[in-house]
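Chemist:
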Amino acid sequence: MNSSNGTDISKCPFMGGVQKQSAGGGTSNQDWWPNQLKLNILRQNSSKSDPMGKTFDYAKEFKSLNLDALKKDICDLMTTSQDWWPADFGHYGP
1 MNSSNGTDIS KCPFMGGVQK QSAGGGTSNQ DWWPNQLKLN ILRQNSSKSD PMGKTFDYAK
61 EFKSLNLDAL KKDICDLMTT SQDWWPADFG HYGP
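Mapped onto this note's numbering, the consecutive letters of the sequence shown carry residue numbers 1 to 94.
#1: For the alpha helix (DSSP H) that contains Ile41, what are its first and last residues?
#2: Of all Cβ atoms in chain D, is any one closer than 8 angstroms to the Cβ of Ser46?
#3: Which stretch, first to last residue, makes up the alpha helix (DSSP H) that contains Lys63?
#4: Leaving out five residues on either side along the sequence, give the residues of the same chain with a beta carbon under 6 angstroms from the beta carbon of Thr80.
#5: Taking just the CA atoms, how far does Pro51 sit from Leu70?
#6: Just the Cα atoms here: how many angstroms apart are Lys72 and Leu65?
Written out as structure tokens, the structure reads:
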């Protein structure tokens with residue numbers, strides 16, 4: 001296909017022609033994942049990041065929770081206004 005001046009318009013990037021890479025090219029998702037995204041922060045096994053210590057048994061402690069009382073406490077927290085916490089008037093919970 002030719003334009004009025006006789007040049008091939010298929011080479012024009014605005015008419016669907018071939019586009020050349022610009023200088024630098026920028027970054028894309030492929031550049032950030034996984035090459036530049038720092039995932040090592042997720043693998044920190046330090047005593048500084050575990051406030052309960054190595055002997056704490058999370059599963060045992062979770063099983064010891066009274067879930068009905070916990071749900072009631074959360075509902076009360078969300079629906080009872082305090083000076084420092086305005087209630088959301090029933091938008092949370094039942």
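Even glycine gets a Cβ: it sits at the ideal position worked out from N, Cα and C.
Modeler: In this structure, then:
#1: No alpha helix (DSSP H) contains Ile41, which DSSP labels as neither H nor E.
#2: The structure shown contains no chain D; it holds only a single protein chain.
#3: 58-63
#4: Ala87
#5: Rounded to whole angstroms, the separation of the alpha carbons of Pro51 and Leu70 is 22 angstroms.
#6: 13 angstroms
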